[in-house]
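Residue numbers (the UniProt record's numbering), protein chains in the order written: chain A, 1 to 286; chain B, 1 to 334.
Beta carbons are placed, not taken as given, at the ideal position from N, Cα and C, and that holds for glycine.
Data block below; observations after.
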């Protein structure tokens with residue numbers, strides 16, 4: 001039964017990883033670039049949430065709205081004034097600029113919040129659970145996380161395939177050189193894509209704040225989990241990303257069941273093994 | 001890259017002067033134990049280590065376009081394998097370091113095979129995941145101290161030389177050799193037939209492929225070579241530190257972020273770039289490392305600024321305005 005429980009918890013953890021990954025997947029899909037600071041943005045959202053709720057005593061619901069607005073706006077502005085200037089055929093500039101951002105964010109968080117690890121108390125959400133049997137229980141928070149992941153990915157799917165904005169984003173993804181000829185504005189479309197991705201980053205950060213302890217250096221590990229979920233799922237497939245997150249989550253909880261020290265390692269090894277067996281991921285689209 | 005115009009008088013004379021200056025500096029460094037104090041020698045050893053790491057990252061990223069953010073894997077493997085070979089296999093220290101580097105190169109073949117399944121930015125993050133696998137694995141090996149690491153026994157360290165001064169001299173010359181030889185090796189490589197292939201790949205990979213360059217094989221070979229030399233440097237670094245832990249050995253910031261910073265600010269895709277970058281990096285560090293987090297924030301800011309202002313770096317900007325070349329690698333028809 002402990003193994004079944006580990007798998008159940010792993011699936012639910014996969015929801016959080018899918019939330020980490022969705023933003024990364026979206027940005028790569030539209031702009032073909034990886035934001036190295038992705039994990040650091042997630043951690044920044046988590047810090048914002050903690051600062052608002054425990055520092056300034058803002059009501060949690062209001063804080064959620066504020067964090068999401070802040071992240072979305074920052075994403076748009078960042079893309080518009082900085083990242084758009086380094087996009088191009090050469091892959092080094094965007095990697096280096098986001099690498100630089102990652103270092104700046106980590107050290108700025110360290111300067112502001114110190115190295116102490118933080119957590120957002122979530123009250124009954126944290127402790128409450130649905131007991132299925134004496135060995136298997138589903139916590140409300142993991143369940144909510146998983147539901148949020150399904151909702152976010154379903155929402156993104158809807159935006160991408162059913163709205164004029166989605167058509168624009170897909171067109172830019174297919175051929176960014178033709179879109180301006182048709183009256184589209186790439187700089188704006190890219191910024192919208194990043195804003196959308198940052199909105200998801202905000203959601204991921206809020207859940208991260210409730211789920212685990214985090215500190216200023218927690219970002220890079222989150223980037224790697226997000227990256228692994230995207231690759232396992234298959235580039236360009238949003239539902240694949242959810243499956244990728246679940247595979248990674250289950251690998252980690254099973255690894256933790258063997259030995260607490262190999263939890264993260266098990267996830268990485270399963271990722272590398274899948275890369276050997278299915279280099280294009282489980283549900284390749286591109 | 002266009003061919004260098006050797007016929008212009010001014011360019012060649014400045015280049016020659018620069019070469020003579022560099023030669024004089026290297027000659028001075030070759031006898032550094034005579035004039036330098038203990039802390040200066042220590043600093044110079046670090047400079048040579050970072051010079052070698054930067055040359056290797058530049059060879060990889062600047063010429064084959066393989067952007068790795070996982071080179072700390074090879075620094076760490078070099079350090080750990082060196083400790084293991086010296087402590088458990090009983091190899092003399094000066095043999096254990098190159099032996100560890102050879103073993104690392106062998107390990108780099110399967111890891112490269114996996115990493116090469118990913119392209120472009122995905123390759124970058126993939127190499128990082130692989131480095132993390134080595135870091136987390138090292139923390140699991142009890143014989144090597146697990147997560148808290150292990151120290152090189154004093155008796156082993158003393159086998160290098162009897163006196164403390166003697167040991168420092170031996171270590172200095174190991175560092176000197178690794179650093180200077182890394183530059184000479186890259187230079188020699190670029191002047192060879194491999195260099196033609198590498199320069200072709202740097203300028204346009206599809207064109208190189210069309211001209212008959214086996215781009216994948218060349219890139220793989222360079223990946224393994226860079227792993228070897230990076231590991232050699234790693235072995236030395238931990239001989240100097242005498243203690244190794246997983247977090248120090250496989251540190252992304254120390255062995256990759258700083259190295260990328262050096263290459264990019266100095267000028268990627270040239271031999272001169274990493275040399276200039278190392279000088280700038282250590283000058284900045286001497287001035288600003290006491291600032292703590294602000295120092296790192298400044299480094300991040302500089303990296304971003306270089307990409308926005310002129311992504312060719314200092315040497316690239318100089319080259320675009322003059323025809324200077326300290327390490328000529330181009331062939332010219334008169």
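Requested in this report: To the nearest angstrom, report how far apart residue 55/A and residue 173/A are at their CA atoms.
Outcome: Indexing the first chain from 1 puts residue 55/A at position 55. Indexing the first chain from 1 puts residue 173/A at position 173. A direct Cα-Cα distance of roughly 41 Å separates residue 55/A from residue 173/A.
Requested in this report: Under 8 Å by Cβ, that's how I've got residue 153/A and residue 169/A pegged, so tell me the actual separation to the nearest angstrom.
Outcome: Sequence index remark: in the first chain, residue 153/A carries index 153 (1-based). Sequence index remark: in the first chain, residue 169/A carries index 169 (1-based). Cβ atoms of residue 153/A and residue 169/A stay farther apart than 8 Å, at about 15 Å.
Query raised in the report: If we ignore side chains and look at the alpha-carbon of each, how far apart do residue 1/B and residue 84/A end up?
Result: By one-based count along the second chain, residue 1/B stands at place 1. By one-based count along the first chain, residue 84/A stands at place 84. Because the pLDDT of residue 1/B is 42, which lies under 50, any placement of that residue in the model is unreliable, and the number read from its coordinates should be weighed accordingly. Near 27 Å, if we compare the C-alpha coordinates of residue 84/A and residue 1/B.
Query raised in the report: Since residue 177/A meets chain B, which of its residues come closer than 8 Å, beta carbon to beta carbon?
Result: Within the first chain, the letter at position 177 stands for residue 177/A. Ordered by position in chain B, no residue passes the 8 Å Cβ test against residue 177/A, which lies about 18 Å from the chain.
**Report entry** Pairwise C-alpha distance: residue 236/A and residue 11/A
**Finding:** Translated into the one-based positions of the first chain, residue 11/A becomes position 11. Translated into the one-based positions of the first chain, residue 236/A becomes position 236. Approximately 21 Å, taken between the alpha carbons.
Requested in this report: Identify whether residue 263/A lies in helix, strand or coil by the three-state DSSP scheme.
Outcome: For the purposes of this step, residue 263/A is taken as the residue at position 263 of the first chain. Three-state DSSP puts residue 263/A in a helix.
Query raised in the report: Ends of the alpha helix (DSSP H) at residue 316/B?
Result: Position 316 of the second chain, counted from the first residue, corresponds to residue 316/B. Per DSSP, the unbroken alpha helix (DSSP H) holding residue 316/B starts and ends at 313–321.
Requested in this report: Identify whether residue 139/A lies in helix, strand or coil by the three-state DSSP scheme.
Outcome: Indexing the first chain from 1 puts residue 139/A at position 139. Residue 139/A falls in the strand class under three-state DSSP.
Requested in this report: Please go through the same chain and pick out, in chain order, the residues whose beta-carbon is closer than 7 Å to the beta-carbon of residue 146/A, but skip the five residues on each side of it.
Outcome: Position 146 of the first chain, counted from the first residue, corresponds to residue 146/A. Exclusion of the five residues before and after residue 146/A leaves 12 and 15 as the residues of its chain whose Cβ lies within less than 7 Å of its Cβ.
Query - Coarse secondary structure for residue 5/B, derived from DSSP in three states - result: Counting from one through the second chain, the residue named residue 5/B turns up at place 5. At residue 5/B, the pLDDT of 45 sits below 50, so the modelled position is not reliable and the matter cannot be decided from this model.
Query raised in the report: Of the residues 279/B, 158/B and 69/B, which one's Cα is nearest the Cα of residue 253/B?
Result: As a working mapping, residue 253/B is identified with position 253 in the second chain. Ranking 279/B, 158/B and 69/B by CA distance to the CA of residue 253/B puts 69/B first.
Report task. Alpha carbon to alpha carbon, how far is residue 204/A from residue 245/A? Give it in angstroms, no decimals. Result -> Here residue 245/A corresponds to residue number 245 of the first chain, with the count starting at 1. Here residue 204/A corresponds to residue number 204 of the first chain, with the count starting at 1. Whole-angstrom Cα-Cα distance: 13 Å.
Report task. Using the Cα positions of residue 315/B and residue 168/B, report the straight-line distance between them to the nearest angstrom. Result -> In the second chain, counting from the first residue as 1, residue 315/B sits at position 315. In the second chain, counting from the first residue as 1, residue 168/B sits at position 168. Counting only the Cα atoms, residue 168/B lies some 33 Å from residue 315/B.
Query raised in the report: So is residue 322/B buried or exposed if we call it buried at 16+ other beta carbons inside 10 Å?
Result: Your numbering for residue 322/B matches position 322 in the second chain. By the 10 Å Cβ count, residue 322/B comes out exposed.
Requested in this report: Using DSSP bridges, identify the partner residues of residue 231/B.
Outcome: Here residue 231/B corresponds to residue number 231 of the second chain, with the count starting at 1. Answer is none; residue 231/B lacks a bridge partner.
Query raised in the report: Among 98/B, 326/B, 308/B and 67/B, which residue has its Cα nearest to the Cα of residue 237/B?
Result: Within the second chain, residue 237/B is the residue found at index 237, counting from 1. When the alpha-carbon of residue 237/B is set against those of 98/B, 326/B, 308/B and 67/B, the nearest one is in 98/B.
Query raised in the report: Around the C-beta of residue 242/B, are 16 or more other C-beta atoms found within 10 angstroms, so that it is buried, or is it exposed?
Result: Translated into positions along the second chain, residue 242/B becomes position 242. Classification for residue 242/B: exposed.
Query raised in the report: chain B partners of residue 272/A, CB-CB under 8 Å?
Result: Within the first chain, the letter at position 272 stands for residue 272/A. Result: 114, 129, 130 and 133.
Requested in this report: Along the alpha helix (DSSP H) that carries residue 53/A, what are the first and last residues, could you check?
Outcome: Translated into positions along the first chain, residue 53/A becomes position 53. No alpha helix (DSSP H) contains residue 53/A, which DSSP labels as neither H nor E.
Query raised in the report: Hey, is residue 240/A's beta-carbon within less than 7 Å of any beta-carbon in chain B?
Result: In the first chain, the residue the question calls residue 240/A occupies position 240. Between residue 240/A and chain B, the shortest Cβ-Cβ separation is not below 7 Å.
Requested in this report: Report yes or no: is there a C-beta of chain A within less than 7 Å of the C-beta of residue 136/B?
Outcome: By 1-based counting over the second chain, the position of residue 136/B is 136. Yes - at least one Cβ of chain A is within 7 Å of the one on residue 136/B.
Query raised in the report: Does the separation of the CB atoms of residue 182/B and residue 55/B fall below 7 Å?
Result: Numbered from 1 along the second chain, position 182 holds the residue referred to as residue 182/B. Numbered from 1 along the second chain, position 55 holds the residue referred to as residue 55/B. Yes.
Query raised in the report: Which same chain residues, not among the five before or five after residue 8/B, have their C-beta less than 8 Å away from its C-beta?
Result: The sequence position of residue 8/B within the second chain is 8, counting from 1. Confidence at residue 8/B is low in this model, with a pLDDT of 48, below 50, so the placement of that residue should be treated as unreliable; the coordinate-derived value is given next. Taken in chain order, the residues that qualify are 323.
**Report entry** Cβ-based contacts, 7 Å cut-off: residues of the region 289–314 of chain B near chain A
**Finding:** Those residues of the region 289–314 of chain B that come within reach of chain A (Cβ to Cβ, closer than 7 Å) are 293, 296, 297, 299, 300, 301, 303, 304, 307, 308 and 311.
Query - Inter-residue Cα distance where the pair is residue 3/B and residue 24/B - result: Reading the second chain from its first residue, position 3 is the one you call residue 3/B. Reading the second chain from its first residue, position 24 is the one you call residue 24/B. Since pLDDT at residue 3/B reaches only 45, below the 50 mark, its modelled position is unreliable, and the value read off the structure follows with that caveat. In a straight line, the C-alpha of residue 3/B is about 28 Å away from that of residue 24/B.
Query - Beta-carbon neighbours of residue 101/A, restricted to chain B and to distances below 8 Å - result: Locating residue 101/A in the first chain gives position 101, counting from the first residue. Neighbourhood of residue 101/A in chain B, by CB distance below 8 Å: 300 and 304, in chain order.
Report task. Using 10 angstroms around the beta-carbon of residue 122/B, count the other beta-carbons present and answer buried if the total reaches 16, otherwise exposed. Result -> Residue mapping note: residue 122/B aligns to position 122 of the second chain, counting from 1. Buried, because 16 or more other Cβ atoms sit within 10 Å of the Cβ of residue 122/B.
Report task. Closer than 7 Å by C-beta to residue 180/B: which residues in its own chain qualify, once you throw out the five before and the five after it? Chain order, please. Result -> Taking the second chain and counting its residues from 1, one reaches residue 180/B at position 180. Excluding sequence neighbours, residue 180/B sits near 26.
Report task. For residue 157/A, count neighbouring C-beta atoms within 10 Å of its own C-beta (all shown protein chains included) and say buried if the count is 16 or more, exposed if not. Result -> Residue 157/A sits at position 157 when you count from the first residue of the first chain. Flag for residue 157/A reads exposed.
Query raised in the report: Which residues in the same chain as residue 276/A place their Cβ atom closer than 8 Å to its Cβ, once the five residues preceding and following it in sequence are excluded?
Result: Here residue 276/A corresponds to residue number 276 of the first chain, with the count starting at 1. Excluding positions up to five away in sequence, the list is empty.
Query raised in the report: Do residue 224/B and residue 105/B have their CB atoms nearer than 7 Å?
Result: Numbered from 1 along the second chain, position 224 holds the residue referred to as residue 224/B. Numbered from 1 along the second chain, position 105 holds the residue referred to as residue 105/B. Closer than 7 Å, so yes.
Query raised in the report: What is the DSSP secondary structure of residue 133/A, reduced to helix, strand or coil?
Result: Numbered from its first residue, the first chain carries residue 133/A at position 133. Residue state, collapsed to three classes: coil.
Report task. Flag residue 208/A as yes if its beta-carbon sits less than 7 Å from any beta-carbon of chain B, otherwise no. Result -> Reading the first chain from its first residue, position 208 is the one you call residue 208/A. Cβ-Cβ to chain B under 7 Å: no for residue 208/A.
Query raised in the report: Leaving out five residues before and five after residue 229/B in sequence, what residues of the same chain have Cβ atoms less than 7 Å from its Cβ?
Result: Locating residue 229/B in the second chain gives position 229, counting from the first residue. Within the same chain, and ignoring the five residues on either side of residue 229/B in sequence, the residues whose Cβ sits closer than 7 Å to its Cβ are 52, 56 and 182.
**Report entry** Option nearest residue 28/A by Cα separation, candidates 250/A, 249/A, 133/A and 198/A
**Finding:** Translated into the one-based positions of the first chain, residue 28/A becomes position 28. It is 198/A whose Cα lies nearest to the Cα of residue 28/A.
Query raised in the report: With distances taken between CB atoms, is the gap from residue 220/B to residue 112/B smaller than 7 Å?
Result: Taking the first residue of the second chain as position 1, residue 220/B is located at position 220. Taking the first residue of the second chain as position 1, residue 112/B is located at position 112. Contact flag set, yes.
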